[in-house]
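First the structure, in the form of structure tokens, and then the observations on it.
Now the structure itself:
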């Protein structure tokens, strides 16, 4: 029985004759949605960038051999002293090797796991950088450059040279930008390295990287895993760390626990290692949504107010519509559709404005030492935000229109007509 | 002659501010083609009765038949449909939708009924306007025409769905004698030529005296 054509026609006429109020109400929604889209694109863009900064470089599970004192001292195993009170002073860790025992079979085993995207062995060691008379302490990590670039976006942080160059140069080294500056070295130069146990090895600089964390850039450098093993005089099975990248980050914690149990190694998952990062992201998201929802609620009250006024103005019209055969439901639909039209037009405009602003922001230059690969503000334009924004516009206008239209539905035409 | 409207034992109470028995056991019938007027002093309940007969007021006791069908205690949705199809209204104040054109105002009830195509409705509306000699106003905004013209537009709107009965609540109450005469002539013509039933509440004795039948009301009862 609902005659949409007539209802929409009346709604349209009401809106068009009150174009000023209509546009004010629609603009409220437009600004609400526009601000939401802009904010959320900008905030999640920033979040994404900050996450990338740390999380992308961090393995999902990091396996290594922790050197620590034994939990149980031999005396506690001695049955005769079980009832007595033992104090052991000056406990020292047991002498053990830094390398992961049986690293190659473990890697092979892990690679067979379907949840794991990649397993990367590393050799970490302390060395001295020697250039002329300067000696600097630092860390050298032996890696598989191409795989690192693939799984941990290493290329993003190489400001000069490339991961491929490192892979193909046997005696190559990828130097942190801090070290390069301190020692005034550039690509093609040679730097001499001296491991703790002596000897000097000249390596050719094939690249310079900048991770964005200055402390790290001042000590860290990378070389091929074989080069590092050779410098240390170790065999090919000398692996100190294994980094795992998963398909699903949520599986990091159980996997780390399982590895610890199975291989008697230390395994740290990404969430434990970067707990404060999660918190930051959550809080930023919370702020974004709190602000956007506030804006939309304000817009919703605007619509509520305007529709309420409209209904008071249109009391006579409502009475006459009811007298000539429109049911209460028809009248309610007329006012509901007005609210929804305002929501729809305002919402779509808001999405367009939000998109425009977000795109504009993404062209604004943003340069910082810490982020070598970023030169404009990061923006994350995700269709999901537009769907959420639009649904929220429709929902808030629905709620704002519902109460006034319900009132219109229940207006008694007799009272209005006789009241004149 | 067939009966268009029949009221049986209609009682109505106003509950606020005090319990007040407005209509006391009203019984009457209106036949097809009959031009009836209801007269009575202010407060005697004649308008109250009209709004009960119009199906807009549902808070009463008794039975009301429209075209021999019981309409008391029907759903509001259905009552809206009955009003739309069978009853035409003319009020003291003209009650046009001021933002719409004259033609759109006339077409609105037919569009709501949606039994005909838009072209047919438009054609019919123009015809009704022509009968009332106001077809030249069709494209004007309803807020831009004079009072007498507005009342004729309201009559055209009441006629658009070819109703069984037209009800008027002092349709001439707000018009000068020339326009009152005009409206009366239109009603009379409709009653004679199209065999339409009319029920008009009025204070105007001249107007009432010219109708087929006068129902005199006093203190919530029908006197004659």
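Chains as they are written, first to last, in the numbering used here: chain A, 2 to 421; chain B, 32 to 255.
Every residue gets a Cβ at the ideal spot worked out from N, C-alpha and C, and that includes glycine.
- Taking the beta carbon of residue 336(A) as reference, no residue of chain B falls within 7 Å; the closest one sits roughly 14 Å away.
- At least one CB of chain A lies nearer than 8 Å to the CB of residue 115(B).
- Across the structure, residue 167(B) and residue 217(B) are spaced so that their CA atoms are roughly 18 Å apart.
- Judged by DSSP in its simplified three-state form, residue 379(A) adopts coil rather than helix or strand.
- DSSP places residue 297(A) within a helical segment (H, G or I) once states are collapsed to three.
- Residue burial annotation: residue 75(A) is exposed, with fewer than 16 other C-beta atoms found within 10 angstroms of its C-beta.
- Annotation: residue 183(B) has no Cβ neighbours in chain A at a cutoff of 9 Å; minimum Cβ distance is about 16 Å.
- Residue 246(B) has 69(B) as its beta-bridge partners, per DSSP.
- Closer than 9 Å at the C-beta level to chain A, one finds these residues of the stretch 146-157 of chain B: 149.
- Per DSSP, residue 223(A) is one residue of the beta strand (DSSP E) stretching across 221-225.
- At the C-beta level, residue 344(A) and residue 394(A) come within 8 Å of one another.
- Taking 4 residues as the shortest admissible run, the stretch 74-127 of chain A contains the following complete alpha helix (DSSP H) segments, listed from N- to C-terminal end: 104-112.
- The beta carbon of residue 130(B) sits closer than 8 Å to some beta carbon of chain A.
- Each residue's CA atom was taken as its position, placing residue 17(A) and residue 233(B) some 38 Å apart.
- Apart from the 5 residues on each side of it in sequence, residue 253(B) sits with its Cβ closer than 8 Å to the Cβ of 57, 58, 59, 246 and 247 in its chain, given in chain order.
- The Cβ atoms of residue 185(B) and residue 122(B) lie closer than 8 Å to each other.
- For residue 12(A), no CB of chain B lies under 8 Å from its own CB, so it is not counted at the interface with that chain.
- DSSP places residue 237(B) inside the alpha helix (DSSP H), whose first and last residues are 236-240.
- Residue 326(A) has a beta carbon lying within less than 8 Å of a beta carbon in chain B.
- If you look at residue 44(B), you'll find it in the beta strand (DSSP E) that goes 34-45.
- At a beta-carbon threshold of 9 Å, none of the residues of chain B lie near residue 285(A); the nearest stands roughly 48 Å away.
- The three-state secondary structure of residue 149(A), taken from DSSP, is helix.
- Taking one beta carbon from each stretch, the stretch 54-68 of chain A and the stretch 256-271 of chain A have 3 or more pairs nearer than 8 Å; the two touch.
- Looking from the CA of residue 125(A), the closest CA among 118(A), 230(A), 319(A) and 417(A) belongs to 230(A).
- Within the stretch 50-95 of chain B, complete alpha helix (DSSP H) segments of at least 4 residues are found at 77-84, given in chain order.
- Look at the beta carbons and you see the stretch 305-317 of chain A touching the stretch 402-420 of chain A: at least three pairs across the two are nearer than 8 Å.
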